[in-house]
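Numbering (this note's numbering), first residue to last: 16 to 286.
All C-beta atoms, glycine included, are put in the ideal place defined by N, C-alpha and C.
What you are looking at is a predicted structure, and each value in this text was computed from that prediction instead of being measured.
The structure appears below as C-alpha cells.
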DNA sequence: AAAAGCCCCTGGATGC
DNA sequence: TGCATCCAGGGGCTTT
C-alpha cells in the first residue's frame, strides 16, 4: 500500500490533532513485524510532541523517545475521539486525551517500534540506511547521478531499494520512469546525466502530485480520517497493462522485476 | 559492496 | 459452492 505520498497524506491528516496530546494507554494486538521494544505501560503519561516522516516511516516524537510507525503493505491509521470497536486487524492503539491513533494492518508487515532517541540502536538500524528525501531540499541532483552511476541493477530496482532515494514504491517507480521516458530495465549506470536529471525531476513531480491528490487508493488505503486517495486515476502506466498508453496509444506492458510488477510504455520509454 | 531470491502474512480475484 | 492458485502498495535477511 503506502508509498511516500500515502504516508505523508496520513501524517498530514492527524499530526495537528495529536500534537500536545498526553498518552493515556496503549493497546497491542497481534504481533507486527517487530516488537514494540518497550512495555505499553512505559508510554503512559508521555506527551506527543509532533509527527514527522522519514521515507515511509512516521516518527511520533514523544517527550521521552519516539515511536517509529511503518504501514508495510496493508497498513493504515485512523485517528479520532471515538473510533469504532476494534477489529481483528487492529494491532496497535495509542489512546490519548485528544483522541486515539489506531493501526489497522491485515498482513502485519507494518511495525510500531519505540526508540529512546533517534540515535539509539533500534532507530538507527531502521533509519540509517535510508536514502535522500525526494521532496524538500535534501534531494541533491549530483548525489543522485553519482549514486546511479555506481549501480548496475535495473533502474526500477535501484529506485525501489530505497538506499539512494526513499519513498518511491512500486506504483511511483513505474510512474516516475514513464514521466522520465526511461525503460525500467535500463541499468542505472547506463543513464546519461541529462536522463538522470530528468528522472530526478520526475520523481519529485509525481510524488508531489500524488500527495496533492491524497495518495493512491488501490483497494483499501485511506488517511487517518478515512478519506481515500485519487491519484490512481491519474496513473499513466501502473495497473494499465494491455491498455493504450495515454500519450502514444501503444499497448502498456507488464513485466516482472524482482518478484514485483512493472508497467511501462515500450514507445515512450527508451532503454 | 552490490545484486538476486526468499520470506513474513492475509485476503481478494480468478479459474476449474 | 468449494478449492487451488496467483497477486497485492514493503523490505529485511541470506546467499551468491
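When the beta-carbon positions are compared, residue 72 and residue 85 come within less than 7 Å of each other.
Across the set 120, 135, 253, 220, the C-alpha of 120 shows the shortest separation from the C-alpha of residue 237. The closest CA to that of residue 67, considering only 50, 148, 58, is found on 148. Beyond the five residues adjoining it in sequence on each side, residue 184 comes within less than 6 Å, by CB distance, of 18 in the same chain, given in chain order. Under DSSP, the beta-bridge partners assigned to residue 285 are 197. Comparing alpha carbon positions, the residue from 221, 178, 139 closest to residue 145 is 178.
The Cβ atoms of residue 47 and residue 125 sit closer than 7 Å to each other. Comparing C-alpha distances from residue 268 to each of 247, 241, 199, 131 shows the shortest one belongs to 199. For a cut-off of 8 Å, the C-beta gap from residue 272 to residue 172 is around 6 Å, short enough to register as a contact. Put simply, the backbone Cα of residue 63 is about 11 Å away from that of residue 39. Along the length of the stretch 147-171, whole alpha helix (DSSP H) runs at least 4 residues long occupy 156-164, reported in chain order.
Following the DSSP letters along the chain, one finds residue 111 inside the beta strand (DSSP E) bounded by residues 105-111. Taking a C-beta distance under 7 Å as the contact criterion, residue 210 and residue 167 do not qualify as a contact pair.
Under the three-pair Cβ rule at 8 Å, the stretch 20-40 does not count as touching the stretch 249-258.
For residue 239, the closest of 78, 98, 60, 225 by C-alpha to C-alpha distance is 98. Excluding the 5 residues flanking it on each side, residue 55 has same chain C-beta neighbours closer than 8 Å at 40, 41, 42, 43, in chain order. Counting only the Cα atoms, residue 79 lies some 40 Å from residue 170. The continuous alpha helix (DSSP H) containing residue 223 extends over residues 208-227. Distance from the CA atom of residue 50 to the CA atom of residue 65, rounded to whole angstroms, is 22 Å. Between the C-alpha atoms of residue 20 and residue 26 there is a straight-line separation of about 10 Å.
The Cβ atoms of residue 190 and residue 221 sit closer than 7 Å to each other.
Short of 6 Å from the beta carbon of residue 174, and not among the five residues preceding or following it, lie these beta carbons of its own chain, in chain order: 183, 188. Under the criterion of beta carbons closer than 8 Å, residue 116 and residue 29 qualify as touching, at roughly 7 Å. Between residue 195 and residue 223, the CB-CB gap reaches or exceeds 7 Å.
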